[in-house]
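Quick note, the sequence shown lines up with residues 1133 to 1289 if you use my numbering.
For glycine and all other residues, C-beta sits at the position ideal for the given N, C-alpha and C.
Treat the numbers as computed from the prediction; the structure is a model and nothing was measured.
The structure appears right after this line, and notes come after that.
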Amino acid sequence: MIINIKDIEKFCEILRRSGKKIALTNGSFDLVHSGHVNYLNEAKKTADCLIVGINSDKSVKQYKSDKRPIVPQEQRALLIDNLKAVDYVVIFEETTADNLIEKVKPDIYVKGGDYTEDTLPETATVKKHGGKIKFIKMTQGCSTTNIINKILDIYVK
């Protein structure tokens, strides 16, 4: 289910009152691939509900490049929402998830193994709300940037 960012805080309160443990992860999810599916399946194992924050088109442009995203936010949200492991999707505008974390207050904040608590921009926000951080190992050979670079190597040369 895709939830409007304006409603996510109230929605999470309802989940908590019903005894649900909430996991949150986020990313651009541009060109969804098997690495994302594996990652989200592992993230789902950490809690009762998995909420996936998807960066808006505007925020992807800000932190990736003017040429990204390749797939518009509505299409990315629809695709992620239809994965078995994902319970809820929310699109957010910022380049980091701090404001989303403030609203969701996840029990578990899940990120890829390319981060550590020291390098993760949202660590302080997660801990401020009593959440724990879980790092999931990246699937070898499954990087959106690498996939895009391979496509460029084939078609741009």
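- prompt: Are the beta-carbon atoms belonging to Lys1140 and Lys1243 less than 8 Å from one another?
  reply: Position 8 of the sequence shown holds residue 1140. Position 111 of the sequence shown holds residue 1243. As written in the sequence, residue 1140 is Ile, which differs from the Lys given in the question. Taking 8 Å as the Cβ cut-off, Ile1140 and Lys1243 do not qualify as a contacting pair.
- prompt: Quick one, are the C-beta atoms of Leu1252 and Ala1217 less than 8 Å apart?
  reply: Within the sequence shown, residue 1252 is the residue found at index 120, counting from 1. Within the sequence shown, residue 1217 is the residue found at index 85, counting from 1. In this structure, Ala1217 does not lie closer than 8 Å to Leu1252 by Cβ.
task: Over the uninterrupted alpha helix (DSSP H) stretch that includes Val1169, give me the two end residues.
output: As a working note, residue 1169 is residue 37 in the sequence shown. Taken as a continuous stretch (DSSP letters only), the alpha helix (DSSP H) holding Val1169 covers 1166 to 1176.
task: Compute the Euclidean distance between the alpha carbons of Ile1240 and Lys1142, then round it to the nearest angstrom.
output: Locating residue 1240 in the sequence shown gives position 108, counting from the first residue. Locating residue 1142 in the sequence shown gives position 10, counting from the first residue. Distance between the alpha carbons of Ile1240 and Lys1142 is about 18 Å.
message: Do Val1221 and Ile1135 count as a contact pair if the criterion is CB distance below 8 Å?
response: As a first step, residue 1135 is located in the sequence shown; it is residue number 3 there, counting from the start. As a first step, residue 1221 is located in the sequence shown; it is residue number 89 there, counting from the start. In this structure, Val1221 lies closer than 8 Å to Ile1135 by Cβ.
- prompt: Where does Lys1282 land, buried or exposed, given buried means 16+ other C-beta within 10 angstroms?
  reply: Looking up residue 1282 in the sequence shown gives position 150. Under this definition Lys1282 is an exposed residue.
Which residues DSSP lists as bridging Leu1182, in chain order: For the purposes of this step, residue 1182 is identified with residue 50 of the sequence shown, where counting begins at 1. Residue pairing for Leu1182: DSSP places it in a beta bridge opposite Ala1155.
message: Between the alpha carbons of Glu1254 and Lys1152, how many angstroms are there, rounded?
response: Within the sequence shown, the letter at position 122 stands for residue 1254. Within the sequence shown, the letter at position 20 stands for residue 1152. Answer to the nearest angstrom: the Cα atoms are 22 Å apart.
- request: Consider the Cβ of Ser1188: report whether some Cβ of chain D lies at a distance smaller than 8 Å.
  value: No chain D is present in this structure, which holds just one protein chain.
message: Less than 8 Å between C-beta atoms, sequence neighbours within five positions excluded: which residues of the same chain meet that for Ile1137?
response: Reading the sequence shown from its first residue, position 5 is the one you call residue 1137. Same-chain partners within the cutoff: Val1222, Ile1223, Phe1224, Glu1225, Leu1232, Lys1235.
field: Gly1262 versus Leu1163: straight-line alpha-carbon distance, rounded
entry: Locating residue 1262 in the sequence shown gives position 130, counting from the first residue. Locating residue 1163 in the sequence shown gives position 31, counting from the first residue. Going from the Cα of Gly1262 to the Cα of Leu1163 covers about 33 Å.
field: Neighbourhood of Arg1200 by C-beta distance below 8 Å, restricted to the same chain and skipping five residues each side
entry: Looking up residue 1200 in the sequence shown gives position 68. Once the five neighbours on either side are set aside, the close Cβ partners of Arg1200 are Ser1160, Asp1162, Val1192, Lys1193.
- prompt: Within 10 angstroms of its Cβ, does Asp1189 collect 16 or more other Cβ (buried), or is it exposed?
  reply: Counting from 1 along the sequence shown, the entry for residue 1189 is found at position 57. Buried, because 16 or more other Cβ atoms sit within 10 Å of the Cβ of Asp1189.
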